[in-house]
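Sequential numbering from 39 applies to the sequence shown in our numbering.
C-beta: ideal position from N, C-alpha, C; glycine also.
Everything numeric in this text was worked out from a predicted model, so none of it was measured.
Each remark here refers to the structure printed beneath this line.
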Amino acid sequence: MTTKERLHQLVDTFAESEARTAACVLEALHTRSAPALYTLDHAPPE
């Protein structure tokens with residue numbers, strides 16, 4: 039099983055509140071690795 043498959047398996051077992059927390063953690067990891075991309079993705083429409 040790949041790491042991504044394991045992550046999907048774990049997420050499928052989370053309650054909604056746990057899923058929200060996990061999403062925040064994963065978004066924080068993503069933001070640290072690609073801050074410019076995150077900023078562009080979350081910029082308000084002009």
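query                                                                 : result
Cβ-Cβ separation, Val49 to Ala60 (assumed contact under 8 Å), whole Å : 6 Å
Endpoints, the alpha helix (DSSP H) within which Thr41 is located     : Thr41 to Thr51
Glu43 versus Ala53 - alpha carbon distance                            : 18 Å
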